[in-house]
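Asks: In short: position in the sequence shown from 1, add 68, done, that's our numbering. Beta carbons are placed, not taken as given, at the ideal position from N, Cα and C, and that holds for glycine. Following this message is one structure expressed as structure tokens.
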Amino acid sequence: MFYTFWRTVIVALARVVFGVQVRGRDRVPKSGNFILAPSHRSTLDIPLAAAVTTRRMRFMAKRELWHGKFWSWVFDELRAVPVDRDGGDRAALRVLEGALAEGEPIVVFPEGTRREGPELGQLFSGAAYLALKQGVPIVPVGIGGSEDIVVRRGGIPRFSRVCIVVGEPILCVRTDGTIKRSAITATNDELRASLQACFDDARKWSAARSGGQPGERV
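See the structure below:
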């Protein structure tokens with residue numbers, strides 16, 4: 069109930085303030101577990117990713133967000149998973165693997181941290197590894213308009229229109245035993261190509277709705 073309440077409030081606010089629209093929502097599995105893999109240009113991408121489905125998802129988030137009793141309580145109640153930003157937190161991967169094994173969808177930002185610009189940063193292999201380990205699909209999600217949240221239209225600053233594009237799920241076959249590096253690389257390459265296409269479409273759609281060019285700043 070805690071997750072459902074705050075998701076409802078945050079998504080409603082995002083629609084009012086940023087005019088959030090989602091394309092390809094029907095591509096998110098309605099049952100079973102999966103890995104949602106969004107692009108990452110803003111801290112806002114974390115709550116924005118929840119707009120693609122009403123299903124509860126477990127988020128991987130940087131450990132620094134657990135600061136102070138209040139925020140630690142909030143993220144614990146949301147059942148978020150703290151991770152070190154160097155991408156090598158095996159404990160976090162084990163928690164997420166356990167969540168998938170129990171049928172819970174998870175959210176992993178494959179770029180690892182916020183990036184800038186129209187090109188995706190280097191992808192960490194965590195999403196690909198987990199997908200192959202558990203045999204679950206990866207759903208790429210491009211979020212456009214969150215990097216430069218204020219744009220100019222007719223010389224007047226206004227909030228960017230945020231657009232979210234959901235790509236076709238990348239199906240992964242469960243791998244028992246040791247997962248070959250080549251399989252992880254191939255899955256990561258497929259994810260990168262699909263996620264880049266979603267991100268490009270989301271940025272163009274956002275720019276068209278905001279009345280400017282992708283990435284135009286105030």
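1) Determine whether the beta carbon atoms of Met125 and Pro178 lie at a separation below 8 angstroms.
2) Does the beta-carbon of Asp216 have 16 or more other beta-carbons within 10 angstroms, so that it is buried, or is it exposed?
3) Using 8 angstroms as the threshold, is the C-beta distance between His108 and Arg158 below it?
4) Which residue's Cα is closest to the Cα of Ser250: Gly213, Leu200, Ser274?
5) Please report the straight-line C-alpha distance between Met128 and Arg93, rounded to a whole angstrom.
6) Which residues does DSSP pair with Gly212 in a beta bridge?
7) Use the C-beta contact count for Asp113: other C-beta atoms within 10 angstroms, 16 or more gives buried, fewer gives exposed.
8) I need the straight-line Cα distance from Arg242 to Ile232, nearest angstrom please.
9) Below 8 angstroms on the Cβ atoms is my contact criterion, and I expect Tyr197 with Ile247 to pass it. Report the Cβ-Cβ distance as a whole number of Å.
10) Using only CA atoms, which one of Ala275, Thr255, Arg277 lies nearest to Ala105?
11) Cys266 to Ala276, Cα distance in whole Å?
12) Regarding Phe177 and the ligand FAD, is the C-beta to nearest heavy atom distance less than 7 angstroms?
13) Work out the CA separation of Val88 and Lys272 for me, nearest whole Å.
14) Rounded to whole angstroms, what's the CA-CA distance from Pro97 to Thr111? Just pull it up for me.
15) Does Arg285 pass the burial test, meaning 16 or more other C-beta atoms within 10 Å, or should it be called exposed?
16) Going by C-alpha to C-alpha distance, which of Gly210, Cys240, Thr253 sits closest to Val234?
17) Using the three-state DSSP reduction, which class does Phe73 fall into: helix, strand or coil?
18) Let's test the definition: count the other Cβ atoms within 10 Å of the Cβ of Gln202 and tell me whether it reaches 16, buried, or not, exposed.
19) Using a threshold of 8 angstroms, state whether the C-beta atoms of Ala117 and Val175 are closer than that.
20) Excluding the 5 residues preceding and the 5 following Thr253 in the sequence, name in chain order all residues of the same chain whose CB lies nearer than 7 angstroms to its CB.
Replies: According to the structure shown:
1) no
2) buried
3) no
4) Leu200
5) 21 angstroms
6) Cys231
7) buried
8) 29 angstroms
9) 6 angstroms
10) Thr255
11) 15 angstroms
12) No copy of the ligand FAD occurs in the structure displayed, which carries no ligand at all.
13) 14 angstroms
14) 25 angstroms
15) Unreliable placement is indicated for Arg285, whose pLDDT of 40 sits below 50; the coordinate value is still reported in the next sentence. When all chains shown are included, Arg285 counts as exposed.
16) Gly210
17) helix
18) buried
19) yes
20) none
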